[in-house]
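There are 2 protein chains.
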Amino acid sequence: MCEMTESERREYESLREIPLESTLIRHGRILDMRLDMVRVPNGNVAGRELVRHLGAVCVVPLTDDGQVILERQYRYVIDSVITEIPAGKLDAADEEPLEAAKRELREETGFHAAEWISLGDFFPAAAYSDEHIRLFLARGLTPGERDLDADELINVFTLPLEDAVAAVMRGEYPDAKTQMGILKAAEYLRRENT
Amino acid sequence: MCEMTESERREYESLREIPLESTLIRHGRILDMRLDMVRVPNGNVAGRELVRHLGAVCVVPLTDDGQVILERQYRYVIDSVITEIPAGKLDAADEEPLEAAKRELREETGFHAAEWISLGDFFPAAAYSDEHIRLFLARGLTPGERDLDADELINVFTLPLEDAVAAVMRGEYPDAKTQMGILKAAEYLRRENT
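Protein sequence lines correspond, in order, to chains A and B.
Numbered per my numbering, the first sequence spans residues 57 to 250.
Numbered per my numbering, the second sequence spans residues 57 to 250.
Shown next, in the form of structure tokens:
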């Protein structure tokens with residue numbers, strides 16, 4: 057909130073909720089679950105159920121011949137194996153996102169990248185989670201050794217970026233960051249080439 | 057998981073985690089927070105922190121002259137006013153997503169739409185939340201009365217879809233479903249017009 061215009065500042069002051077009390081429901085390994093009581097603009101007190109998360113990064117790795125590198129990974133919470141772009145949590149809240157992105161790409165796929173381009177950031181679930189994800193496009197790829205955690209089971213495959221865009225539009229990739237990463241990378245390349 | 061191919065079935069069986077025990081940490085108004093113990097494929101037991109959510113819908117409302125209708129809304133968990141497409145939770149797990157989308161569009165913006173097109177679905181945070189969001193494109197808009205909840209404070213504005221795409225690429229809309237909705241709507245229209 058450090059670059060608000062004067063009208064954004066007024067909007068923020070008129071809409072913001074004041075924290076009154078924050079109760080830690082559970083301190084977890086990847087999530088803290090909290091219940092905050094807040095004063096809303098009309099003066100009432102309301103509860104806000106929320107999740108605190110360290111933050112994460114994700115990467116669209118693009119080969120020189122326009123193939124994107126994707127992963128198949130099991131997700132317990134939806135009991136499904138889904139297709140995702142390489143991604144991972146920050147090791148610490150102050151870890152440099154670009155360093156985390158380089159680490160996750162190398163660990164999960166083995167690839168190093170010569171060129172890293174920011175494709176922005178996003179909050180996947182701003183209604184209840186402060187998870188903040190930074191997205192990168194990685195080009196100039198060199199293969200190497202993967203380095204997975206013992207309980208990380210990830211199958212890697214590649215396909216042309218335009219086929220990945222078509223798969224997103226057909227609804228084949230239910231993971232939000234993956235849909236977004238593929239569409240943003242395609243839009244970035246379109247703008248780069250015009 | 058009802059339409060798996062034989063190879064997807066084998067992949068699922070080789071990667072899936074078996075729930076052993078599920079503990080309700082907190083039953084909330086919009087979220088249930090749980091801690092599940094699972095058996096992972098190598099036989100070890102691991103904990104899975106997770107959030108159960110009813111599900112949600114979001115809508116890209118597009119006027120006949122190509123303007124998208126957007127909202128400014130305060131989000132406590134990130135203490136910011138952000139730009140979003142109209143969206144909301146399902147009223148019940150079995151609510152028809154299209155009906156929920158029509159309701160949210162009407163309540164938050166006043167608009168009715170003559171044409172509803174599915175732009176697919178996604179899991180915003182498949183690592184820890186089962187929230188499932190359905191995305192729609194709404195066209196043939198007719199203005200009407202808004203119907204906000206007493207504590208819903210939403211400012212509505214419009215801008216050309218191509219300007220919204222540019223704003224997404226400049227990083228101005230940190231909300232994931234909003235970035236995705238705008239990029240998917242633009243890709244849908246590109247495919248419709250070729």
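From the three backbone atoms N, C-alpha and C, an ideal C-beta is built for every residue, glycine too.
What you are looking at is a predicted structure, and each value in this text was computed from that prediction instead of being measured.
Checklist line | Contact list for the region 62 to 78 of chain A against chain B, Cβ threshold 9 Å | finding: Those residues of the region 62 to 78 of chain A that come within reach of chain B (Cβ to Cβ, closer than 9 Å) are 64, 67, 68, 70, 71, 72, 73, 75.
Note to self: At 4 residues or longer, what runs of the alpha helix (DSSP H) sit wholly inside the region 197 to 239 of chain A?
What the structure shows: Qualifying alpha helix (DSSP H) stretches, in chain order: 217 to 226.
Next item on the list: Rank 135/B, 137/B, 143/B, 131/B by C-alpha distance to the C-alpha of residue 117/B and give the top, closest one.
Entry: Ranking the options by Cα distance to residue 117/B, first place goes to 143/B.
Notebook entry, point to check: Where DSSP assigns a beta bridge to residue 248/B, which residues make up the other side?
Noted result: When DSSP reads this structure, residue 248/B sits in no beta bridge, so it has no partner.
Margin query: So residue 104/B contacts chain A; which residues on that side make the cut at Cβ distance below 9 Å?
Written below: Within chain A, the residues 132, 133 have their CB atoms less than 9 Å from the CB of residue 104/B, given in chain order.
Next item on the list: Could you say if the region 175 to 192 of chain B and the region 229 to 239 of chain A meet the contact criterion of at least three C-beta pairs nearer than 8 Å?
Entry: Touching, per the Cβ criterion.
Notebook entry, point to check: Taking any Cβ of chain B, which residues in the region 182 to 201 of chain A have a Cβ under 9 Å from it, in chain order?
Noted result: Residues 182, 183, 184, 185, 186, 187, 188, 189.
Item checked: Complete beta strand (DSSP E) runs within the region 63 to 119 of chain A (minimum length 3 residues, chain order) -> Every beta strand (DSSP E) of 3 residues or more that sits fully in the region 63 to 119 of chain A is shown, in chain order, as 74 to 83, 87 to 95, 101 to 109, 112 to 117.
Check: What's the C-alpha gap between residue 134/B and residue 186/A?
Finding: Computed Cα separation, rounded: 6 Å.
Checklist line | residue 245/A versus residue 238/B: straight-line alpha-carbon distance, rounded | finding: As the crow flies, the alpha-carbon of residue 245/A is around 17 Å from that of residue 238/B.
Item checked: Reference residue 188/A, options 75/A, 108/A, 95/A, 129/A, closest by Cα -> Nearest C-alpha to residue 188/A: 108/A.
Next item on the list: Could you have a look at residue 61/A and say whether DSSP puts it in helix, strand or coil?
Entry: DSSP places residue 61/A in coil when its eight states are reduced to three.
Next item on the list: Check each residue of the region 97 to 126 of chain B: if its Cβ is closer than 9 Å to any Cβ of chain A, include it; give the result in chain order.
Entry: Those residues of the region 97 to 126 of chain B placed with their C-beta closer than 9 Å to a C-beta in chain A are 97, 98, 100, 102, 103, 104, 105, 106, 107, 108, 109, 112, ordered along the chain.
Notebook entry, point to check: Just how far apart, CA to CA, sit residue 76/B and residue 174/B?
Noted result: Linking residue 76/B to residue 174/B through their CA atoms gives a straight-line distance of about 37 Å.
Next item on the list: Could you check which residue in 147/A, 160/A, 213/A has the C-alpha nearest to that of residue 114/A?
Entry: Considering only alpha carbons, the answer is 160/A.
Next item on the list: Return the residues of the region 138 to 165 of chain A that lie within a Cβ-Cβ distance of less than 9 Å from chain B, sorted by chain order.
Entry: Of all residues in the region 138 to 165 of chain A, 138, 140, 143, 145 have a Cβ within less than 9 Å of some Cβ in chain B.
Notebook entry, point to check: Going by DSSP, what residues sit across from residue 193/B in a beta bridge?
Noted result: Bridge partners of residue 193/B: 116/B, 173/B.
Check: Hey, quick one: how far does the alpha helix (DSSP H) through residue 157/B stretch, first residue to last?
Finding: Taken as a continuous stretch (DSSP letters only), the alpha helix (DSSP H) holding residue 157/B covers 153 to 165.
Margin query: For the region 152 to 166 of chain B against the region 200 to 220 of chain A, do three or more pairs of beta-carbon atoms, one drawn from each stretch, fall closer than 8 Å, so that the two count as touching?
Written below: Counting Cβ pairs under 8 Å, fewer than three are found: no touch.
Item checked: At least 3 beta-carbon pairs within less than 8 Å: the region 90 to 99 of chain B vs the region 63 to 79 of chain B -> Because the criterion of three Cβ pairs below 8 Å is met, the region 90 to 99 of chain B and the region 63 to 79 of chain B touch.
Next item on the list: Could you have a look at residue 187/A and say whether DSSP puts it in helix, strand or coil?
Entry: Secondary structure of residue 187/A (DSSP, three-state): coil.
Check: So which of 71/A, 106/A, 127/A has the shortest CA-CA distance to residue 100/A?
Finding: Nearest to residue 100/A by C-alpha distance, out of 71/A, 106/A, 127/A, is 71/A.
Check: Could you give the distance in angstroms between the alpha-carbon of residue 220/A and the alpha-carbon of residue 171/A?
Finding: Distance between the alpha carbons of residue 220/A and residue 171/A is about 21 Å.
Note to self: Quick check on the DSSP output: the beta strand (DSSP E) that includes residue 126/B runs from which residue to which?
What the structure shows: Counting along the chain, the beta strand (DSSP E) containing residue 126/B begins and ends at 123 to 131.
Notebook entry, point to check: Taking just the CA atoms, how far does residue 243/B sit from residue 227/A?
Noted result: Distance between the alpha carbons of residue 227/A and residue 243/B is about 13 Å.
Check: Checking contacts by CB at 7 Å: is residue 241/A closer than that to chain B?
Finding: Not an interface residue.
Item checked: Listed by chain order, chain A residues near residue 81/B by CB distance under 7 Å -> Under the 7 Å cutoff, chain A gives 81, 82, 89.
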